[in-house]
Amino acid sequence: MAEAAALAALGWVVSPIITKFINRASTYLGKDMVRELQELEATILPQFQLVIEAAEKSPHKGKIERWLRKLKAAFYDTEDVLDELEYDILKREAEKGAQASLMVASSNSIPKPLHAASNKMSNLRPKNRKLISKLEELKEILVEAKAFHDQLGIQAGNSTELMVTAPIRPNTTTSFSSSNVVGRDEDRDRIIDILCKPVNAGGSMARWYSSLAIVGVGGMGKTTLAQHVYNDERVAQYFDARMWVCISRKLDVHRHTQEIIESAGKGECPRIGNLDTLQCKLRDILQESEKFLLVFDDVWFDESKSETEWDWEQLLAPIASLQRGSKILVTSRRNALPAVLDCKKIFPLESLKDTDFLTIFKSHAFSGAETSDPWLREKLEIAKKISRRLGQSPLAAKAVGSQLSRKKDIATWRAALKNGNLSETRKALLWSYEKLDPRLQRCFLYCSLFPKGHQYEIDELVHLWVAEGLVDSCYQNNIMEDIGRDYFNEMVSGSFFQPVYKTYVGTRYIMHDLLHDLAEALYKEDCFRLDDDKVKEIPSTVWHLSVCVRSMTLHKQSICKLHHLRTVICIDPLTDDGTDIFNEVVRKLKKLRVLYLSFYNTTNLPESIAELNHLRYLNIIKTFISELPRSLCTLYHLQLLQLNNKVKSLPHRL
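Here it is, written out as structure tokens:
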């Protein structure tokens with residue numbers, strides 16, 4: 001799949017984001033340069049999806065991949081120069097007395113309004129010339145694409161729908177589907193009966209909980225079934241507390257204990273480095289409940305590793321001797337499970353009946369507005385044939401069906417029917433990704449920064465997308481965050497994200513493991529997740545980095561070599577002191593646009609933060625910082641500052 005996906009991963013380079021960028025840069029260019037770029041945009045970019053599709057089976061595929069990578073690097077470099085130029089304009093305006101105010105929102109978020117930049121370049125000509133030079137390079141690279149049309153036999157005038165920049169309008173959906181789960185109602189009721197069955201007074205006192213496991217291959221609907229059980233009214237009434245944690249591949253006792261606490265509805269878990277203290281907090285929370293339900297979703301267990309069994313015993317230690325009657329529900333692809341879970345009942349998830357599977361596919365492929373569609377009868381016949389080739393994977397049925405529902409032309413349906421790859425779930429998901437609007441593709445790929453099983457919150461994710469420049473405001477009057485939410489909701493309706501449960505701050509979403517695998521494979525050159533201390537070197541191509549290890553000391557030198565890095569997100573609190581690491585990061589990584597700290601243990605944010613002129617997003621919620629420097633006021637590109645509750649005052653003029 002990785003080879004087939006190589007060009008798909010780079011397709012966003014010729015998406016509407018290039019059009020948006022050219023329009024933005026045109027403010028600072030002469031008429032001739034603007035006209036030349038717009039001509040290239042009009043003649044090359046609309047046809048490039050045809051080039052990508054034709055290149056997949058062409059001997060020129062490698063050449064086009066290299067060209068796309070070169071275009072991507074040139075685009076990023078030129079964007080950085082434009083960013084610096086606009087920073088200088090904003091700085092001059094501020095020095096002249098222009099007031100830029102920040103309003104503190106109740107969520108501790110500080111948004112910054114957009115600034116209008118002057119196009120008078122009399123005092124900025126050196127950087128203007130630098131921008132023109134970079135745009136000349138970009139133009140020369142775009143010109144190279146003309147040769148691909150002849151090499152691949154693409155006729156002039158052909159184009160695709162790829163470049164349409166209409167507003168994203170998500171299908172109308174609800175956060176959670178109805179209580180009916182197609183083909184699984186009996187399964188759901190049987191599991192609920194087992195979970196809500198009272199425990200006999202006798203028996204062992206070692207563990208006062210019992211466990212049930214739903215087992216089946218990936219994409220069969222284990223998580224969906226568990227979700228319907230979890231959110232069922234009977235379960236909500238029977239258990240005093242319900243918690244949901246996605247394990248996914250690698251158990252992290254510390255992090256997953258924190259997630260159990262947060263899922264119990266007690267808000268974000270405070271930063272606690274000591275596991276014993278953390279487990280005492282969990283025990284205290286659970287002792288307030290008579291009975292609780294704890295869901296461990298997507299458990300991967302390797303019985304050959306003794307330390308894995310020990311980790312599970314540690315994780316479950318705080319609940320081992322709590323109130324009788326509590327239950328644990330597990331989903332897994334394998335029957336092999338940790339002994340400490342003591343799963344007496346294994347519930348194998350069988351394939352759906354053909355009629356039920358077709359119902360799922362049609363419910364996503366047809367929204368109910370097709371009664372006037374002249375091709376409806378043929379589409380219904382095609383739907384029957386496609387559903388028989390999707391390998392009984394509900395995930396594939398939802399993803400493929402959702403994308404077909406957005407394609408009103410019969411040609412796309414006929415092409416899908418001829419596609420021989422849809423029988424493999426992973427390739428069916430790749431096909432669905434390729435049919436996404438390219439603006440959504442980048443947002444989806446960006447989510448591979450987070451580990452498998454990560455619970456996404458829509459507002460946090462949208463703020464990151466906006467800061468990274470992934471949200472396109474062209475031709476829309478809505479604010480950027482609203483557009484970003486439309487992006488997210490469109491991907492939810494397309495089954496790229498799945499709602500799991502609601503919290504005090506809103507609904508939590510997860511991405512299926514197979515979709516996460518796809519995002520990782522497609523974006524591995526741009527995104528890197530540091531989650532293993534055995535990693536010796538980070539690829540030099542990386543633009544976005546997330547840190548999931550306990551210490552950055554071993555990796556500091558490798559990270560600081562990435563001079564073009566745009567993103568550093570610390571997923572978990574680190575044990576490092578952080579001061580030296582932070583100073584090194586600020587000194588070496590000047591292109592950062594997103595900085596999410598969780599390792600800074602001192603109370604003062606240093607003045608050197610002002611050196612990050614490109615910074616859009618700064619999050620210090622998981623730090624001990626209580627004082628902000630005055631230099632923060634000179635981060636003129638800053639859009640969002642997220643504070644912890646230790647910060648009591650803001651610098652003057654912030």
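Note that the sequence shown covers residues 1 to 654 in full-length UniProt numbering.
All C-beta atoms in this analysis are idealised placements derived from N, C-alpha and C, irrespective of residue type, glycine included.
Note that the structure is predicted; figures quoted are calculated from it, not measured.
A check of alpha carbon separations from Glu39 across Tyr28, Thr27 and Asn23 identifies Asn23 as the nearest. According to DSSP, Pro348 shares a beta bridge with Val215. Fully contained in the region 572 to 643 are the following beta strand (DSSP E) runs of length 3 or more, in chain order: 594 to 596, 617 to 619 and 640 to 642.
Judged by DSSP secondary structure, Val299 falls within the beta strand (DSSP E) whose first and last residues are Phe292 to Val299. Where Ser326 is concerned, the enclosing beta strand (DSSP E) starts and stops at Ser326 to Ser332.
The alpha-carbon separation between Glu468 and Lys502 amounts to approximately 27 Å. For Gln455, no alpha helix (DSSP H) segment is defined, and its DSSP state is neither H nor E.
Each of Thr623, Val594, Thr603 and Ser351 was checked against the Cα of His614, and the nearest Cα belongs to Val594.
Unbroken beta strand (DSSP E) stretches of 3 residues or longer found wholly inside the region 508 to 574: 527 to 530, 544 to 547 and 567 to 570, given in chain order. Below 8 Å, enough C-beta pairs join the region 387 to 397 and the region 351 to 358 to call them touching: three or more.
DSSP lists no bridge partner for Gly183. With distances taken between CA atoms, Ile141 lies nearest to Ala74 out of Ala74, Thr567 and Ser133. The criterion of a C-beta distance shorter than 8 Å is not satisfied by Ala610 and Leu640. It is roughly 6 Å from the alpha-carbon of Phe296 to the alpha-carbon of Cys246. The three-state reading of DSSP puts Cys447 in helix, counting H, G and I together. With fewer than 16 other CB atoms across the displayed protein chains lying within 10 angstroms of its CB, Pro348 is exposed. Here Thr224 has no same chain residue with a Cβ atom under 6 Å from its own Cβ, once five neighbours each way along the sequence are excluded. DSSP, read as helix, strand or coil, puts Trp413 in helix. Beta-bridge annotation (DSSP): Met243 is paired with Leu294.
A contact between stretches requires three or more CB pairs, one per stretch, nearer than 8 Å, and the region 307 to 327 meets this requirement with the region 207 to 214. At a Cβ-Cβ threshold of 8 Å, Asp298 and Thr331 count as neighbours. According to the DSSP secondary-structure assignment, Tyr209 is paired through a beta bridge with Ser326. The bridge partners DSSP lists for Pro499 are Tyr509.
Arg255 and Leu286 have their C-alpha atoms roughly 17 Å apart.
For Asp302, the CB contacts under 6 Å within the same chain, skipping 5 residues up- and downstream, are Thr308 in chain order. Inter-segment contact for the region 411 to 424 and the region 442 to 459 is absent: fewer than three beta-carbon pairs are separated by less than 8 Å.
In this structure, Ile64 is the residue among Lys72, Ile64 and Glu84 with its C-alpha nearest to the C-alpha of Ala147. The residue from Leu352, Trp300 and Trp312 with its alpha-carbon nearest to that of Ala336 is Trp300.
Shown here, Cys343 sits in a strand according to DSSP, grouped into three states. The three-state secondary structure of Ile194, taken from DSSP, is helix. Counting of Cβ neighbours within 10 angstroms places Asp572 among the buried residues, the total reaching 16 or more.
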